[in-house]
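Following: one structure in structure tokens, then a few remarks.
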Ligand SMILES: NC(=O)c1ccc[n+]([C@@H]2O[C@H](COP(=O)([O-])OP(=O)(O)OC[C@H]3O[C@@H](n4cnc5c(N)ncnc54)[C@H](O)[C@@H]3O)[C@@H](O)[C@H]2O)c1
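Numbering (the working numbering), first residue to last: 895 to 1167.
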């Protein structure tokens, strides 16, 4: 499939931060897998990350020409500047924007700090609407554009782990729906993938290599892969989803379809209650 031939995409948070899967050299996170997938389908991809080397590593592996840009999502001016760089790279066009960047804390209500709350808000929500706002004028002028926001089931169901993560991931879906409803008549679409347990480099770094244990609480009995996330994102970003907007696509191996909710994984032990 070459659904993005001639199109330009921007992935915010397109590096990857953590160890690679056994037997693989390239650490794979959701943002990196999304960039690789969009390029494999023909898009020219701009990869933004606060760590330029991680963004460059992604770009080195793209099948099409790409550009790595340094952007700290917590900095409003950098969010807008990165979109401008993406538009310049695309000679004025930017067809797809994927807001993937996200950070998770481990602070339930009792110990939720202001500092953690504000950083989570800045990175998980504010950077997303600022990025969308910066891309808006060009997209509405051209009469087309697709946003995909990378969300979490923690924004729909409580994971009982992090208040700031759950609240910002819920707010992110509000941003997604606002863009969809407000600009549908100008040719824009806006959707989200809502992820369950994904075997990303970040999760490997934060929770170790116990993917089997994490997957055991999933109806499909395994974690998802960043490549599976990328497949869902590519669908929503493509014309195959031409009549789909304002939607959250759950990519969770069936967790949200099951009741009762799965027990808390052992990696959660020791977190303040
Ligand atoms: N992995 C999972 O199980 C899972 C589950 C639910 C949701 N998600 C969501 O998926 C998204 C990506 O997570 P991931 O686990 O694949 O990580 P990832 O490895 O794809 O992304 C991490 C990247 O984000 C970059 N980054 C971090 N802070 C940044 C900032 N302030 N500005 C710019 N770049 C920054 C890092 O440098 C790193 O390259 C997040 O939005 C996360 O909430 C992941």
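No residue lacks a Cβ here, since even glycine has one placed at the ideal position from N, Cα and C.
What's the C-alpha gap between residue i and residue j?
i            : j            : result
residue 906  : residue 1041 : 11 Å
residue 1035 : residue 1123 : 30 Å
residue 1141 : residue 1086 : 6 Å
residue 1054 : residue 1069 : 23 Å
residue 1074 : residue 970  : 22 Å
residue 1072 : residue 942  : 24 Å
residue 1020 : residue 1010 : 14 Å
residue 1104 : residue 962  : 32 Å
residue 1097 : residue 981  : 32 Å
residue 978  : residue 1128 : 23 Å
residue 871  : residue 935  : For the chain, the structure presents residues 895 to 1167; residue 871 sits outside this window and is missing.
residue 960  : residue 1064 : 31 Å
residue 921  : residue 910  : 6 Å
residue 1014 : residue 1061 : 9 Å
residue 912  : residue 923  : 8 Å
residue 1136 : residue 1120 : 23 Å
residue 953  : residue 904  : 12 Å
residue 919  : residue 951  : 11 Å
residue 898  : residue 1022 : 22 Å
residue 1154 : residue 1144 : 18 Å
residue 994  : residue 927  : 11 Å
residue 1125 : residue 992  : 13 Å
Between which residues of its own chain and residue i is the CB-CB distance below 6 Å, once the five residues before and five after are set aside?
i            : result
residue 997  : 1017
residue 901  : 937, 989
residue 1146 : 1047, 1090
residue 1030 : none
residue 958  : 933, 938
residue 1149 : 1090, 1112
residue 1131 : 990, 1040, 1042
residue 966  : 944, 972
residue 861  : Only positions 895 to 1167 of the chain appear in the structure, and residue 861 is not among them; the question remains open.
residue 1006 : 1057
residue 976  : 942, 963, 965
Should residue i be counted as a contact of ligand 1 given a C-beta to heavy atom distance under 8 Å?
i            : result
residue 1018 : yes
residue 943  : yes
residue 1117 : yes
residue 1047 : yes
residue 911  : yes
residue 924  : yes
residue 966  : yes
residue 1142 : no
residue 1097 : yes
residue 970  : no
residue 1089 : yes
residue 1085 : no
residue 1021 : yes
residue 1094 : yes
residue 1054 : no
residue 948  : yes
residue 1004 : no
residue 998  : yes
residue 907  : yes
residue 1044 : yes
residue 995  : yes
residue 1120 : yes
Within the same chain, show all residues whose beta-carbon is closer than 7 Å to that of residue i, passing over the 5 residues directly before and after it, in chain order.
i            : result
residue 1139 : 1074, 1078, 1083, 1084, 1085
residue 956  : 929, 930, 933, 939
residue 1117 : 1091, 1092, 1093, 1105, 1108, 1109
residue 1052 : 1060
From the DSSP output, which residues share a beta bridge with residue i?
i            : result
residue 1018 : BP columns for residue 1018 are empty, so no partner.
residue 992  : 905, 1042
residue 1089 : 1046, 1145
residue 1057 : Beta-bridge pairing links residue 1057 to no other residue.
residue 1084 : 1041
Can you list, in chain order, the residues of its chain whose CB lies under 8 Å from that of residue i, leaving out five sequence neighbours each side?
i            : result
residue 1081 : 1033, 1034, 1036, 1037, 1038, 1039
residue 1024 : 970, 973, 974
I'd like to confirm something about residue i: is its beta-carbon nearer than 8 Å to some heavy atom of ligand 3, or not?
i            : result
residue 1024 : What this structure holds is ligand 1, not ligand 3.
For the segment 1101-1156, which segments carrying the beta strand (DSSP E) assignment without a break, of at least 3 residues, lie completely within its bounds, in sequence order? 1142-1145
In the segment 901-986, which residue ranges form an unbroken beta strand (DSSP E) of at least 3 residues, counting only runs that do not cross its ends? Counting only runs of 3 or more, we get 902-906, 938-943, 960-964.
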